[in-house]
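K.L.:
One structure is given below, represented as structure tokens, and several questions about it will come after.
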Amino acid sequence: MSDRLYLSCWTRNYDKASMLRRYEALLATFPFSKLYKSAPVLRVFAVSYSEPIILEKPLEPGASVEEVISSARDFAAGDCCVELEAAWDLWQYTDDWKLQPAPVVLSCMGPEFESGHDDHLRVDFGLETKFLPMPEITGSIKMQESNLRSLLHLVADIDKALPLSRRHLWSESGANFADLLANAIGKFDGH
Numbered sequence: 601m602s603d604r605l606y607l608s609c610w611t612r613n614y615d616k617a618s619m620l621r622r623y624e625a626l627l628a629t630f631p632f633s634k635l636y637k638s639a640p641v642l643r644v645f646a647v648s649y650s651e652p653i654i655l656e657k658p659l660e661p662g663a664s665v666e667e668v669i670s671s672a673r674d675f676a677a678g679d680c681c682v683e684l685e686a687a688w689d690l691w692q693y694t695d696d697w698k699l700q701p702a703p704v705v706l707s708c709m710g711p712e713f714e715s716g717h718d719d720h721l722r723v724d725f726g727l728e729t730k731f732l733p734m735p736e737i738t739g740s741i742k743m744q745e746s747n748l749r750s751l752l753h754l755v756a757d758i759d760k761a762l763p764l765s766r767r768h769l770w771s772e773s774g775a776n777f778a779d780l781l782a783n784a785i786g787k788f789d790g791h
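If you read the sequence shown in the working numbering, its first letter stands for residue 601, the second for the next number, and so on.
Okay, structure coming up:
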């Protein structure tokens, strides 16, 4: 069973006043899908994810980062989470390999928001299988390597764009993603 893959980031001097500026830098760095035809959705949660959503707003396809931040500004507070559900382009296999939009959620947690991880910014990449080669699918290692390079390139860009104090790439199960990747690549050695 596949788990979700996340990138959590903590920035220096993070507070209620800086949270949207940090989020804006994350969004400006992110390579949003050029193929995605659906509208991205902006959500704002108050206090914790168990509370009702206080804003859910579909945006125009191709909405700018400034539009996202402007829409969130009236609702964002120190105890809120702002998230954008969008997509980026990754190689995916159905009947053949195709570059397609892959869902992603980019979140900004206020310093008092109860997220369970105390991270400031988070990227939910969806299922980790998008980045792990599968020996049963022809071409998998090459295509998943391309997806993994996109992931690593994004992490490097985030490192440059934000004053990070730390970051953590993690799997929903708590498994070490580097170990999962090594194990998946090791399966190719046996073929």
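Just so you know, even glycine gets a beta-carbon here, dropped at the ideal spot from N, CA and C.
1) Please classify residue 746: does DSSP put it in a helix, a strand, or coil?
2) Look at the alpha carbon of residue 648 and the alpha carbon of residue 738, and state the distance between them as a whole number of angstroms.
3) Assign residue 775 to one of two classes, buried (16 or more other C-beta atoms within 10 Å of its C-beta) or exposed (fewer than that).
4) Considering only the beta carbon of each residue, do residue 702 and residue 725 sit closer than 9 Å?
5) To the nearest angstrom, how far is the alpha carbon of residue 656 from that of residue 676?
6) Could you check the C-alpha separation between residue 653 and residue 772 for me, to the nearest Å?
7) When you compare each of 615, 659 and 646 to residue 636 by their alpha carbons, which one comes out closest?
8) Do you know offhand how far residue 713's Cα is from residue 646's?
9) Going by alpha carbons, who is nearest to residue 627 out of 693, 705 and 727?
10) Rounded to a whole number of angstroms, what is the C-alpha to C-alpha distance between residue 711 and residue 720?
11) May I have the straight-line CA-CA distance separating residue 698 from residue 751, to the nearest angstrom?
12) Once you ignore the five residues that flank residue 791 on each side, which residues in its own chain have a CB closer than 7 Å to its CB?
13) Residue 791 by DSSP, collapsed to three states: which one?
14) Using a 10 Å radius around the Cβ and a threshold of 16 neighbouring Cβ atoms, would you call residue 722 buried or exposed?
15) Under the DSSP definition of a beta bridge, which residues are partnered with residue 653?
16) Taking the straight line between their C-alpha atoms, what separation do you get for residue 716 and residue 708?
17) Could you pull out every residue in the same chain whose Cβ sits closer than 8 Å to the Cβ of residue 611, ignoring the five residues on either side in sequence?
P.N.:
A quick look at the data gives this:
1) It is helical.
2) 43 Å
3) exposed
4) It is a contact, given that the beta carbons lie within the stated cut-off.
5) Those two C-alpha atoms are separated by around 13 Å.
6) 23 Å
7) 659
8) Each residue's Cα considered, the two are about 7 Å apart.
9) Here the closest residue by C-alpha is 705.
10) 7 Å
11) Each residue's alpha carbon lies about 17 Å from the other.
12) Only weak support is given to the placement of residue 791: the predicted model assigns it a pLDDT of 48, under 50, and the question is left unresolved by the model.
13) At residue 791, the pLDDT of 48 sits below 50, so the modelled position is not reliable; the number obtained from the coordinates is stated separately. Looking at residue 791 - three-state DSSP - the assignment turns out to be coil, as it is neither helix nor strand.
14) Looking at its Cβ environment, which holds 16 or more other Cβ atoms inside 10 Å, residue 722 is buried.
15) 645
16) In this model, residue 716 and residue 708 are separated by some 13 Å (Cα to Cα).
17) 618, 622, 720, 721, 762, 763, 764 and 765
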